[in-house]
Amino acid sequence: MTQTVICIKWGTRYGSEYVNRMNRAIKRFNKRPTRLICFTDDVSGIDEDVITRDIPPVNLPDYKHSPPFRKVTLWQYPLGDLEGDVLYLDLDIVICGDLDRFFDYEKGEYCVAENWTQIGKNIGNTSCYRFPVGRYKHIFDDFNADPAKIEQKYGISQKYISDAVGKMVYWPADWVVSFKHTLLPPWPLNFFKTSKPGPNTSVVAFTGKPDPDEAMVGEWPVEGEHWKKIYKFTKSCPWIEDYWLDN
Numbered sequence: 030m031t032q033t034v035i036c037i038k039w040g041t042r043y044g045s046e047y048v049n050r051m052n053r054a055i056k057r058f059n060k061r062p063t064r065l066i067c068f069t070d071d072v073s074g075i076d077e078d079v080i081t082r083d084i085p086p087v088n089l090p091d092y093k094h095s096p097p098f099r100k101v102t103l104w105q106y107p108l109g110d111l112e113g114d115v116l117y118l119d120l121d122i123v124i125c126g127d128l129d130r131f132f133d134y135e136k137g138e139y140c141v142a143e144n145w146t147q148i149g150k151n152i153g154n155t156s157c158y159r160f161p162v163g164r165y166k167h168i169f170d171d172f173n174a175d176p177a178k179i180e181q182k183y184g185i186s187q188k189y190i191s192d193a194v195g196k197m198v199y200w201p202a203d204w205v206v207s208f209k210h211t212l213l214p215p216w217p218l219n220f221f222k223t224s225k226p227g228p229n230t231s232v233v234a235f236t237g238k239p240d241p242d243e244a245m246v247g248e249w250p251v252e253g254e255h256w257k258k259i260y261k262f263t264k265s266c267p268w269i270e271d272y273w274l275d276n
């Protein structure tokens with residue numbers, strides 16, 4: 030049976046190379062047949078063996094946080110021909126191990142990484158989650174009916190999803206890790222050391238900045254409050270090139 034991984038790409042922040050690298054990493058690491066479906070507003074440059082679909086419509090509020098809420102559209106049902114458990118991955122992640130076990134773990138449940146900055150607060154980080162298509166269609170339906178109300182209450186989509194889902198199952202902590210909150214050495218050691226994923230890690234999430242291509246060469250863009258450069262720093266991380274760039 031073919032497993033399904035999905036992602037979403039809109040706008041210009043992440044180009045087609047992010048989709049293609051994800052697709053090639055899935056093929057490199059997974060032993061079972063796995064397809065990647067990319068929901069996008071621009072198919073140019075995406076490899077032919079990636080299945081592309083139009084982003085399903087969603088009623089977005091005109092607030093500063095609304096673009097991330099676009100991901101809520103993937104909770105609607107029907108969602109094309111998708112059924113059963115589907116694994117979602119953000120584009121700004123690095124795959125460094127197999128994803129097959131993500132389809133075996135707690136089948137039929139909503140599985141997600143526990144948000145690294147809110148441990149114990151029942152909030153999942155939606156960089157990497159698996160969900161049974163259709164079971165939680167109320168997440169989309171309720172948001173689409175009154176997006177401004179939900180955006181104002183929750184601010185970001187993963188807080189809303191965590192509250193609306195109710196029961197969550199967290200991935201084992203070493204399966205999905207954060208570059209900034211798990212791997213990056215604490216200040217001031219980050220100026221002198223780097224850390225790479227452990228042998229049991231399959232996904233490294235790059236939330237906010239830096240993106241994988243930036244961390245790879247030791248760049249951490251900081252906008253506005255430049256004093257943050259005092260602690261927002263990473264040395265170059267060659268391991269990203271090993272996992273992320275095409276071999």
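Positions in the sequence shown are counted from 1; adding 29 to them yields our numbering. Every residue, glycine too, gets a C-beta built ideally from N, C-alpha and C. In this text, all values refer to a predicted model and were calculated from it rather than measured experimentally.
- Message: Please state whether the Cβ-Cβ distance between PHE58 and ILE35 is less than 9 Å.
- Response: Not a contact, by the Cβ cut-off of 9 Å.
- Message: Does any residue of chain B have a CB that is nearer than 9 Å to the CB of ASN144?
- Response: Absent from the structure is chain B; it holds one protein chain and no more.
- In the DSSP assignment, what residue or residues form a beta bridge with GLN181? Looking at the DSSP assignment, GLN181 forms no beta bridge with any residue, so it has no partner.
- Going by the beta-carbon positions, is the gap between VAL79 and VAL48 smaller than 9 Å? Cβ atoms of VAL79 and VAL48: closer than 9 Å.
- Alpha carbon to alpha carbon, what distance is there between PHE220 and MET197? Cα to Cα, the separation comes out at about 36 Å.
- Query: Who are TYR117's beta bridge partners in DSSP?
  - Reply: Note: TYR117 sits in a beta bridge opposite ILE35 and TYR158.
- Item | Local Cβ density within 10 Å of LEU103, reported as buried at 16 or more and exposed below that | With 16 or more Cβ atoms within 10 Å of its Cβ, LEU103 is classed as buried.
- Could you tell me the boundaries of the alpha helix (DSSP H) in which VAL194 lies? 186-194 is the extent of the alpha helix (DSSP H) around VAL194.
- Task: Could you tell me the distance, in whole angstroms, from the CA atom of THR223 to the CA atom of ASP175?
- Result: Rounded to whole angstroms, THR223 to ASP175 spans 44 Å at the Cα level.
- Task: Take the Cβ of GLN187 as the centre, count every other Cβ of all protein chains shown within 10 Å, and call the residue buried at 16 or more, exposed below.
- Result: Buried, because 16 or more other Cβ atoms sit within 10 Å of the Cβ of GLN187.
- Does the distance from the C-beta atom of TRP216 to that of ARG50 stay below 9 Å? The criterion of a C-beta distance shorter than 9 Å is not satisfied by TRP216 and ARG50.
- Query: Name the DSSP beta bridge partners of GLY247, please?
  - Reply: Looking at the DSSP assignment, GLY247 forms no beta bridge with any residue, so it has no partner.
- Query: Just checking my contact of LEU89 with ARG82 at CB under 8 Å: how many whole Å lie between their CB atoms?
  - Reply: The Cβ separation is near 18 Å, so there is no contact.
- Task: Could you tell me the distance, in whole angstroms, from the CA atom of LYS150 to the CA atom of SER191?
- Result: LYS150 and SER191 have their C-alpha atoms some 10 Å from each other.
- Verify whether the separation of the beta carbon atoms of VAL205 and VAL232 is less than 9 Å. Between VAL205 and VAL232, the CB-CB gap stays under 9 Å.
- Which residue's Cα is closest to the Cα of PRO239: TYR92, PHE262 and GLY227? The shortest CA-to-CA distance from PRO239 to any of TYR92, PHE262 and GLY227 is the one to PHE262.
- Task: Could you spell out the range, first to last residue, of the alpha helix (DSSP H) harbouring ARG53?
- Result: Per DSSP, ARG53 belongs to the alpha helix (DSSP H) from 45-58.
- Message: Does ARG164 come out as helix, strand or coil in the three-state DSSP assignment?
- Response: If DSSP states are grouped into helix, strand and coil, ARG164 belongs with coil.
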